[in-house]
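First up is the structure itself, then whatever we jot down about it.
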Amino acid sequence: MVIASLIFIPIWLVAAGVNFYVGVCRAGYSFHEELPVFLLAFLLPTLIAVILYGKLSVK
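Heads up: the sequence shown begins at 1190 in this note's numbering, then just goes up one per residue.
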């Protein structure tokens, strides 16, 4: 489970990046409109993964 927390982060970065790309290129949002959505979509789950990594790796 600890390793899964670390593997999750780069995979989630790619998924959030694809969402960002679709929002800007396909849905017509500007870079500045989509950036807060990207940051929220990436940073919140990443923060949870880092917290879980810290709690699960301490013995």
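The C-beta atom is built at its ideal place from N, Cα and C for all residues, glycine as well.
Quantities reported herein were computed from a predicted structural model and do not represent experimental measurements.
Per DSSP, reduced to three states, the secondary structure at Gly-1217 is coil, with no helix or strand assignment. Within the same chain, and ignoring the five residues on either side of Ile-1192 in sequence, no residue has its Cβ closer than 8 Å to its Cβ.
Shown here for Ala-1216: not one same chain residue has a beta carbon closer than 7 Å to its own, the five before and five after excluded. Collapsing the DSSP output to three states places Val-1226 in a helix. For Gly-1206, the enclosing alpha helix (DSSP H) stretches over residues 1191-1210. If the five residues before and after Leu-1195 are omitted, its C-beta is found closer than 6 Å to no C-beta atom of its own chain.
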